[in-house]
Amino acid sequence: MGGFLPKEIGNLKSLVELDLSNNRFSGNIPQTLGQLSNLDFLDLSNNHFNGTIPSALFNLTNLSRLDIHSNPSMGGFLPEEIGNLKSLVELDFSDLNLSGALPSALCGLTKLVSLSGAKNQIYGSIPSEIGNLKILKYLDLGSNRLTGQIPSNLSNLPFLQILDLSSNQLTGPIPTQFGDDILKSEWYLWTLDLSHNILSGTVPSSLLRLGNVDLSYNTLEGELPCELVIEFGLERFAGNPGLRHDSTLCGASPSVVGNHRHHTPYYIIGLGVSLGAFSLIGGLAIYIFCKTKVKKVEVELIDNKHGDMFRIWNYDGNMAYEDIIKATNDFDVSYCIGTGGYGSVYRAQLPSGKLVALKKLHRLEGENLNFDKSFRNEANMLSKIRHRNIVKLFGFCLHQRCMFLIYEYMDRGSLFCILRDESEAVELDWVKRVNLIKGIAGALSYLHHDCDPPIIHRDVSSNNILLNSQLEATLSDFGTARILELDSSNQTVIAGTFGYMAPELAYTMVVTEKSDAYSFGVVVLETLFGKHPQDFLSSFSSQPNEPTMLKDLLDARLPPPTNPLVVRNVVFATALALDCINANPKCRPTMQQVVNRFEVGRRESTRPLHTIAVNQLVSPVFSLRDQNHTDGQVV
């Protein structure tokens with residue numbers, strides 16, 4: 011569609027969502043849009059609008075998402091009235107031609123999760139009040155003319171995953187808090203891009219704790235820690251003449267060795283998956299060989315009658331790869347919706363309109379044999395898994411330039427984020443929370459007891475539990491999973507998320523399913539309490555007989571459950587969680603026993619909630635009569 015947007019559009023008073031993105035509309039955005047008082051979602055991105063942002067848009071106080079990016083003929087500035095849009099969760103005004111300073115009112119939009127104003131002509135300093143955006147996950151102000159120092163209180167944003175301030179004129183040192191303070195919080199910054207500025211001082215070694223760092227083309231100086239060179243590659247620190255590093259100690263970084271990766275073979279492998287059910291159907295393999303310096307692509311196909319996802323790509327391996335690159339703008343950071351153990355996750359819309367989630371490995375891990383092995387293991391394991399509460403895998407790509415998995419898209423995001431959003435947490439009522447707990451218990455039981463050999467997830471956390479539009483849970487992120495060989499000691503590098511890892515992993519590297527059981531117990535308590543139970547775990551381990559009332563621990567944002575059936579389920583889930591977090595792994599139930607005890611618990615009665623103390627729910631000695639394996643295995 012193209013032409014001018016008619017002013018009569020303001021007559022659609024009941025309109026809740028308006029998406030006119032990716033068209034050829036031109037002219038001014040009509041002021042009459044400000045009459046659509048019920049509007050919750052407005053996307054005018056990727057058009058040819060000109061003029062300024064109409065002031066009437068700032069009357070739309072119900073807006074949760076406003077996206078006007080990629081209208082490069084639009085100018086003017088962002089006014090203080092932006093502060094009227096208190097309900098905004100996502101705001102994207104990138105790739106316009108805005109100038110002026112960032113209004114301080116922007117920092118009053120405390121519901122913002124994503125804020126992008128990149129590729130403008132915005133000048134001045136970053137408002138110090140930006141630390142008020144406590145649930146912000148994504149901040150991109152790159153490619154502007156910002157000056158001054160980086161506010162240190164950016165490290166006060168506990169959910170911030172991605173921070174891009176590249177290509178500005180920022181000065182001063184890199185705040186050490188980016189590595190130090192964030193490590194102490196429940197959430198940590200993963201991607202930090204400060205390249206192409208005028209930053210000075212030394213490079214904090216604490217940045218090693220982040221996942222993706224780019225400090226190239228600044229005026230940094232001093233000794234560059236060898237660990238940072240090895241982890242991120244020299245090109246992430248290029249253009250800083252004052253930086254020094256010992257190449258004999260650090261060695262050559264794989265990420266800066268030649269350009270051979272542009273001429274190597276790649277494979278796109280479709281796992282036979284119908285969109286209605288996750289089952290291996292038929293045999294589909296797309297094998298593509300790109301000869302060095304030859305543009306022709308040879309494709310060998312094995313027919314799969316049910317390969318809907320791959321018919322989207324017309325069985326053309328090159329087209330499949332190009333579709334993914336186009337759908338994410340070559341994995342642009344604006345499409346990134348989260349990070350996992352080994353990769354970043356991107357939202358992509360395929361040509362058919364189908365939404366998928368792409369898990370792409372960070373940086374160039376694909377050139378590391380260990381990451382390559384992890385990637386293949388994850389894909390191979392998931393190709394054999396069929397469970398409604400485990401994320402569906404549609405396919406994967408192996409390429410020297412990038413490697414990614416293609417997953418079912420879960421549009422409500424992670425349990426972690428939902429519990430930390432006031433409105434979404436209330437929507438997740440007690441019945442839904444108990445069903446979520448049962449679903450994850452069933453998924454882990456399937457992995458441990460129905461897969462041969464058993465599979466340990468090793469990173470069960472609220473970040474890795476994703477919810478669909480019906481708030482049904484699926485277990486995701488098998489980047490650290492391992493096939494459990496029953497005749498091996500399973501000693502391996504510790505992986506997982508701090509706060510969810512079983513305590514015995516602090517002094518032993520022997521992995522069993524009981525590690526997952528402990529993590530599951532923490533997630534159950536987090537789901538019922540509405541926050542990570544860190545304080546409870548500390549006090550409970552030191553004073554297990556302290557008579558703390560259960561009603562005082564439950565999420566206060568929900569009314570206490572009164573229905574006897576709901577009360578029974580909440581109490582029973584708490585009791586199971588307490589068994590799972592037992593410090594002795596031998597005394598934890600197996601996940602199969604957890605599932606079975608949920609079924610038995612349906613026939614048990616319970617007392618009123620206000621009479622129940624947590625210490626009364628602890629099993630004195632958990633029965634081991636159903637065990638079929640010995641210590642170090644399934645116990």
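Under the working numbering, think of the first position of the sequence shown as 11, with each following residue one higher.
Each residue gets a CB set at the ideal place from its N, CA and C atoms; glycine is no exception.
Note that the coordinates shown come from a computational prediction; the quantities given were computed from them, not determined experimentally.
For Ser552, the uninterrupted alpha helix (DSSP H) run begins and ends at Gln544 to Ser552, by DSSP. If you draw a straight line from the Cα of Leu438 to the Cα of Thr537, it is about 9 Å long. In terms of Cβ geometry, Gly61 and Thr42 do not form a close pair [threshold 7 Å].
Inter-residue distance for Ser55 and Asp77 is about 6 Å (C-alpha atoms, whole angstroms).
Contact between Ser529 and Ser479 fails: their C-beta atoms lie close to 26 Å from each other, not under 8 Å.
Per DSSP, Asn579 is one residue of the alpha helix (DSSP H) stretching across Pro574 to Cys590.
According to the DSSP assignment, Leu238 belongs to the alpha helix (DSSP H) that extends over Cys236 to Phe242.
The three-state secondary structure of Leu230, taken from DSSP, is coil.
Under the three-state reduction of DSSP, Asn38 is assigned to strand.
Inter-segment contact for the segment 397–408 and the segment 436–456 is present: three or more beta-carbon pairs are separated by less than 8 Å.
Taking the Cα positions, Ser24 is about 28 Å away from Gly118. Taking C-beta separations shorter than 8 Å and ignoring five residues to either side along the sequence, the partners of Ser177 in its chain run Gly152, Ser153, Asn154, Ser205, His206 and Asn207, following chain order. A contact is defined here as three or more CB-CB pairs under 8 Å, and the segment 91–109 meets this definition with respect to the segment 122–138.
For Trp440 against Pro618, the beta-carbon gap comes to about 15 Å, at or over 8 Å, which does not count as contact. By the neighbour-count criterion, in which a residue is buried when 16 or more other Cβ atoms sit within 10 angstroms of its Cβ, Asp469 is buried. With respect to Glu139, Ala115 sits apart: the two C-beta atoms are not nearer than 7 Å. By the Cβ rule, the segment 411–427 counts as touching the segment 332–349, because three or more pairs are nearer than 8 Å. Rounded to the nearest whole angstrom, the CA to CA distance from Gly252 to Arg219 is 23 Å. For Asp53, no alpha helix (DSSP H) segment is defined; the enclosing uninterrupted segment is the beta strand (DSSP E) at Phe51 to Asp53. The shortest C-alpha to C-alpha distance from Val533 to any of Glu514, Leu588, Gln553 and Phe550 is the one to Leu588.
Taking C-beta atoms as the reference points, Ser31 and Asp50 fail to come closer than 7 Å. If you draw a straight line from the Cα of Asp174 to the Cα of Leu225, it is about 11 Å long.
Listed in chain order, the non-local C-beta contacts of Ser36 below 6 Å within the same chain comprise His58, local neighbours out to five positions each way being set aside. Taking each of Cys427, Ser362, Gln131 and Lys336 in turn and checking the Cα distance to Leu88, the smallest one comes out for Gln131. Bridge pairing for Cys346: Tyr356 [DSSP]. Per DSSP, the beta-bridge partners of Asn222 are Thr201.
Counting only the Cα atoms, Ile334 lies some 13 Å from Cys346.
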